[in-house]
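Enquirer:
Protein chains: 2
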Amino acid sequence: MTVPLFVLRFNNTIINNKEVNCMSTNITIKDVAKQAGVSEATVSRALNDSPQVKRDTRQKIQNIARNLGYRPNGLARSIRVQKSHTLGMIIPDILNGFFTQLSRAIEDTASQAGYDVLIVNTDEHLSKEAKAINLMLEKQVDGLIITSAGNSTDYPKMLGNTPAVFVDRMPPADVVSQYDRVLVDNAQGTQAIINCLISRGAQRIGIINSSVSATAKERLQGYHQALAAAGLPTDPAIEATARTDGSNVPQMTRQLLVNQKCDALFAADNTIMTGVLTKLPELQLPAFQLGAFDDNDWFDFLPQPIVTAKQPIAELGRIAVERVLARAADHQLATQEFRLPAEIIPRPDNA
Amino acid sequence: MTVPLFVLRFNNTIINNKEVNCMSTNITIKDVAKQAGVSEATVSRALNDSPQVKRDTRQKIQNIARNLGYRPNGLARSIRVQKSHTLGMIIPDILNGFFTQLSRAIEDTASQAGYDVLIVNTDEHLSKEAKAINLMLEKQVDGLIITSAGNSTDYPKMLGNTPAVFVDRMPPADVVSQYDRVLVDNAQGTQAIINCLISRGAQRIGIINSSVSATAKERLQGYHQALAAAGLPTDPAIEATARTDGSNVPQMTRQLLVNQKCDALFAADNTIMTGVLTKLPELQLPAFQLGAFDDNDWFDFLPQPIVTAKQPIAELGRIAVERVLARAADHQLATQEFRLPAEIIPRPDNA
DNA sequence: GTGAAAGCGCTAACAG
DNA sequence: CTGTTAGCGCTTTCAC
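Protein chains in written order, with full-length UniProt numbering: chain A, 1 to 351; chain B, 1 to 351.
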């Protein structure tokens, strides 16, 4: 065949006496059309398996495209059809197993619906989050799934009318009603953990709470409810709050377990519990119990059992995707809040 | 102001007697131009901070853009300038801490260079990897960083002339020279671990090797070298290989530690070690040692210490990004292999 | 300094 | 069944 050779030549250039691939001379639909002796429109149709085009033509075109190494330009397509078939996902900490599991769940559901997912990590920085949202919008995502890094962002202004749903963390109170929310029942989960600790004899349970305000409020509430129900007193001296980066957690662990003589400690999330565990070895302690919101597989391997509340991550992800797609299809949809129960893992008693 | 009102009206429509935002009537450069009474070209220049445009005009335009909530369409821009300023990253397991750390390192370096990163997870499936690569290419990434899910993919055909570098895992042997590779020194790392175990008295060290062939080969080699250097015999009966999904690891753990009476066990990666730990509690064993390639923070919390080889993840990521960008700038660059040493964490002896 | 016009690669009317 | 044409939103010559 001579024509392909011609195309090759056309796409190549001579440097230093050696024929080499030219940088970004990508094969376009036009090249395929030229080759096949048909119009660009027909190529487009054939490549999209349109039933309109004759079988022979279609197959011929598809062959030529393959041989030429043709790659559709998704950007051009998206810009033309005004749809990217892509969702954006903003997570605050890619090193945290909870969020990676969540992103996997979201990717699963999305891909079943024919959508791709872009993930960006914000490291809990508001400025990075703002950049991430901007990036997503510029890439024209069809919807956004956000685990918010903080309260100060003006989401309605940032997001415009891009469909968005908040997962795991509430949007700021003043705009909460403008967005779908998919969350675990923080109060219920915490209460169940504390109940479990109490049923096993705990009398003085310290808490190191989350730095995420709405979440922290609910978890504290669950903690108080459980204490009240058991007739145990609350004590502000054993209620601490972690910094976002968790840097103060080891010191608080010592404070609660040693100075305040707590006989149990509740860590309000994954990261906080890790901070607690870091400190434990150097503390000489009588028997005590541990509880935490969020579960990790490796908690099973620890000598000291941890009672945890495991979030229904797959469900959270599935609902989030469904909602954002539903909203993309109908921007008028009323916003809604979804609350899913956490599952208690009562180590060491679970079979 | 009346003009903004007009624009608003233009972008809205009446449904059910309520004025609502119309779906995707996005503000474009044209709208800004109309508002400002200048040409689209000038708006473009102003928005890109071109020094050509008069300060007053520029600021006026930028104000109008902000007020209108204008968002540049990144796709349109990329298609026009033939560059997306985006890198693609393909990872085989987003639940594995090694890869999340790697992706974070890559994102860091890339963002410093002004590039965004798209991450896609393949779950170790070749078919998903192929889809992921396709997705990236369609999104016109300027380069690809790949941790390969397997050997059977025809990368040159898939990738065309998109710059690509392989991290952590080798590309298939027949095409290896066509790509940059950034890897840890698997033999050295493994050898050092085994040496450490031997120096602490191990005489019969079992290995559960990786399912990734090139990596497995190198790690096995390091294992053999260490044994040979210590004058210890090798024994095929205590050399096992994990399945990709790790499902056979618990059973092998039992086989090596109980049936084969090994006094030490080396797990060739992160995931394998987790499988081992799952099995240990139910085994009644005399004292034994544990070693593993790849480190996890939570290994510190385990009662049974693990000697690990920690990869220089930040470095791996940095080099990968630098190479892919260098290649994007000059496609003629000779390919290269980078080997970085692993750091041994000799638990429990590390201060 | 600014505008007019062309075009990146693709798809969707509208013809025929 | 296929071709022609227009245009998505943006940048970039080339004029003025």
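Using N, Cα and C, we set each Cβ at its ideal position, and we do this for glycine too.
Note down, in chain order, every chain A residue with its Cβ under 7 angstroms from the Cβ of N121 (chain B).
Expert: Indexing the second sequence from 1 puts residue 121 (chain B) at position 121. Those are R104, E107, listed as they occur along chain A.
Enquirer: Which of the three DSSP states, helix, strand or coil, is assigned to D245 (chain B)?
Expert: Taking the second sequence and counting its residues from 1, the one referred to as residue 245 (chain B) is at position 245. D245 (chain B): coil per DSSP, three-state reduction.
Enquirer: Under DSSP, the alpha helix (DSSP H) around K60 (chain A) begins and ends at which residues?
Expert: Here residue 60 (chain A) refers to the residue found at position 60 of the first sequence. Per DSSP, K60 (chain A) belongs to the alpha helix (DSSP H) from 55-68.
Enquirer: Less than 8 angstroms between C-beta atoms, sequence neighbours within five positions excluded: which residues of the same chain meet that for V307 (chain B)?
Expert: Stepping through the second sequence from its first residue, residue 307 (chain B) is reached at position 307. Answer for V307 (chain B): I193, C196, L197, Q289, L290, G291, A292, I344, I345, P346, R347, listed in chain order.
Enquirer: With three or more beta-carbon pairs closer than 8 angstroms as the criterion, would you say the segment 101-112 of chain B touches the segment 148-166 of chain B?
Expert: Taking 8 angstroms as the limit for Cβ pairs, the verdict is that the segment 148-166 of chain B does not touch the segment 101-112 of chain B.
Enquirer: Looking at the secondary structure, which residues open and close the beta strand (DSSP E) in which D108 (chain A) lies?
Expert: Numbered from its first residue, the first sequence carries residue 108 (chain A) at position 108. Segment 97-112 is the alpha helix (DSSP H) holding D108 (chain A); no beta strand (DSSP E) there.
Enquirer: What number of angstroms, rounded off, separates the C-alpha of A326 (chain B) from the C-alpha of L333 (chain B)?
Expert: Within the second sequence, numbered from 1, the residue matching residue 326 (chain B) stands at position 326. Within the second sequence, numbered from 1, the residue matching residue 333 (chain B) stands at position 333. Answer to the nearest angstrom: the Cα atoms are 8 angstroms apart.
Enquirer: Would M23 (chain B) pass as an interface residue toward chain A - the criterion being a Cβ-Cβ separation below 8 angstroms?
Expert: The residue given as residue 23 (chain B) occupies position 23 in the second sequence. Note that M23 (chain B) scores a pLDDT of 38, beneath 50, so its modelled location is shaky and nothing firm can be said.
Enquirer: Should S103 (chain B) be labelled buried (16 or more other beta-carbon atoms within 10 Å of its own) or exposed?
Expert: Against the second sequence, residue 103 (chain B) aligns to sequence position 103. By the 10 Å Cβ count, S103 (chain B) comes out buried.
Enquirer: Could you check what DSSP says for M136 (chain B) in three-state terms: helix, strand or coil?
Expert: As a position in the second sequence, residue 136 (chain B) is number 136, starting the count at 1. Residue state, collapsed to three classes: helix.
Enquirer: Under a Cβ-count criterion, where at least 16 other Cβ atoms within 10 Å of its own Cβ denotes burial, should G231 (chain A) be classed as buried or exposed?
Expert: Residue mapping note: residue 231 (chain A) aligns to position 231 of the first sequence, counting from 1. Exposed is the call here.
Enquirer: With a threshold of 16 other CB atoms inside 10 Å of the CB of G88 (chain B), please say whether the residue is buried or exposed.
Expert: Translated into the one-based positions of the second sequence, residue 88 (chain B) becomes position 88. That one is buried.
Enquirer: Among all the DSSP beta bridges, which residues are the ones paired with K310 (chain B)?
Expert: If you number the second sequence from 1, residue 310 (chain B) lands on position 310. B:E343, per the DSSP bridge assignment.
Enquirer: Please state whether DSSP places N21 (chain B) in a helix, a strand or coil.
Expert: Along the second sequence, read from residue 1 onward, the residue named residue 21 (chain B) stands at position 21. Confidence in N21 (chain B) is poor, its pLDDT being 37 and thus under 50, which makes the residue's placement unreliable; the coordinate value appears in the next sentence. Reduced to three states, the DSSP call for N21 (chain B) is strand.
Enquirer: Which term fits L144 (chain B), buried or exposed, when burial requires 16 or more other beta carbons within 10 angstroms of its beta carbon?
Expert: One-based indexing of the second sequence puts residue 144 (chain B) at position 144. With 16 or more Cβ atoms within 10 Å of its Cβ, L144 (chain B) is classed as buried.
Enquirer: Helix, strand or coil for residue 354 (chain A), going by three-state DSSP, please let me know.
Expert: Since the displayed chain A opens at 1 and closes at 351, residue 354 (chain A) lies outside it and no answer follows.
Enquirer: With the cut-off set at 8 angstroms, would you say T274 (chain A) and L95 (chain B) are in Cβ contact?
Expert: Translated into positions along the first sequence, residue 274 (chain A) becomes position 274. Translated into positions along the second sequence, residue 95 (chain B) becomes position 95. Against a cut-off of 8 angstroms, the Cβ pair of L95 (chain B) and T274 (chain A) comes out as no contact.
Enquirer: Within the same chain, show all residues whose beta-carbon is closer than 8 angstroms to that of S177 (chain B), passing over the 5 residues directly before and after it, in chain order.
Expert: Start at 1 with the first residue of the second sequence, and residue 177 (chain B) comes out as number 177. So the list reads T335, once near-sequence residues are dropped.
Enquirer: So, are the CB atoms of I272 (chain A) and A309 (chain A) less than 8 angstroms apart?
Expert: Here residue 272 (chain A) corresponds to residue number 272 of the first sequence, with the count starting at 1. Here residue 309 (chain A) corresponds to residue number 309 of the first sequence, with the count starting at 1. In this structure, A309 (chain A) does not lie closer than 8 angstroms to I272 (chain A) by Cβ.
Enquirer: Just the Cα atoms here: how many angstroms apart are I15 (chain B) and I61 (chain A)?
Expert: The residue given as residue 15 (chain B) occupies position 15 in the second sequence. The residue given as residue 61 (chain A) occupies position 61 in the first sequence. Below a pLDDT of 50, predicted positions are generally treated as unreliable, and I15 (chain B), at 28, falls in that range; no measurement from the model is reported.
Enquirer: Using DSSP with H/G/I as helix, E/B as strand and the rest coil, what is V182 (chain B)?
Expert: Position 182 of the second sequence, counting from 1, holds the residue named residue 182 (chain B). Here V182 (chain B) sits in strand by DSSP.
Enquirer: According to DSSP, what are the bridge partners of V117 (chain B)?
Expert: Residue 117 (chain B) sits at position 117 when you count from the first residue of the second sequence. B:L87.
Enquirer: Can you tell me whether I207 (chain B) is helix, strand or coil according to DSSP?
Expert: Your numbering for residue 207 (chain B) matches position 207 in the second sequence. I207 (chain B) falls in the strand class under three-state DSSP.
Enquirer: Is any beta-carbon of chain A found at less than 8 angstroms from that of N73 (chain B)?
Expert: Sequence index remark: in the second sequence, residue 73 (chain B) carries index 73 (1-based). Chain A, which has a Cβ nearer than 8 angstroms to the Cβ of N73 (chain B), makes this yes.
Enquirer: Taking a Cβ distance cut-off of 7 angstroms, strictly less, list which residues of the segment 130-154 of chain A are near chain B, in chain order.
Expert: Within the segment 130-154 of chain A, the qualifying residues are L135, L137, E138, K139, Q140.
Enquirer: Note down the Cα distance separating C262 (chain A) from F266 (chain B), rounded to an integer number of angstroms.
Expert: Stepping through the first sequence from its first residue, residue 262 (chain A) is reached at position 262. Stepping through the second sequence from its first residue, residue 266 (chain B) is reached at position 266. Each residue's alpha carbon lies about 40 angstroms from the other.
Enquirer: Start and end of the beta strand (DSSP E) containing G291 (chain B)?
Expert: Here residue 291 (chain B) refers to the residue found at position 291 of the second sequence. Run containing G291 (chain B): 289-293, per the beta strand (DSSP E) assignment.
Enquirer: Counting only the same chain and skipping the five closest in sequence on each side, list residues whose C-beta sits under 8 angstroms from that of R339 (chain B).
Expert: For this step, residue 339 (chain B) is matched to residue 339 along the second sequence. So the qualifying residues of the chain are L183, V184, D185.
Enquirer: Should I306 (chain B) be flagged as near chain A, meaning a C-beta pair shorter than 8 angstroms?
Expert: Residue 306 (chain B) sits at position 306 when you count from the first residue of the second sequence. For I306 (chain B), the answer is no, since every Cβ of chain A falls outside 8 angstroms of its Cβ.
Enquirer: Among the residues of its own chain, which have a CB less than 6 angstroms from the CB of M23 (chain B), if the five just before and after it don't count?
Expert: Against the second sequence, residue 23 (chain B) aligns to sequence position 23. Only weak support is given to the placement of M23 (chain B): the predicted model assigns it a pLDDT of 38, under 50, and the value that follows is read from those uncertain coordinates. Cβ neighbours of M23 (chain B) beyond the five flanking positions: none.
Enquirer: Can you round the beta-carbon distance between V258 (chain B) and V276 (chain B) to whole angstroms, since I take them to be within the 8 angstroms contact cut?
Expert: Looking up residue 258 (chain B) in the second sequence gives position 258. Looking up residue 276 (chain B) in the second sequence gives position 276. No, V258 (chain B) and V276 (chain B) are not in contact; Cβ-Cβ is about 13 angstroms, not under 8 angstroms.
Enquirer: Give me the chain A residues within the contact set of A76 (chain B), using Cβ-Cβ distance strictly less than 7 angstroms, ordered along the chain.
Expert: Position 76 of the second sequence, counting from 1, holds the residue named residue 76 (chain B). The contacting residues are I79.
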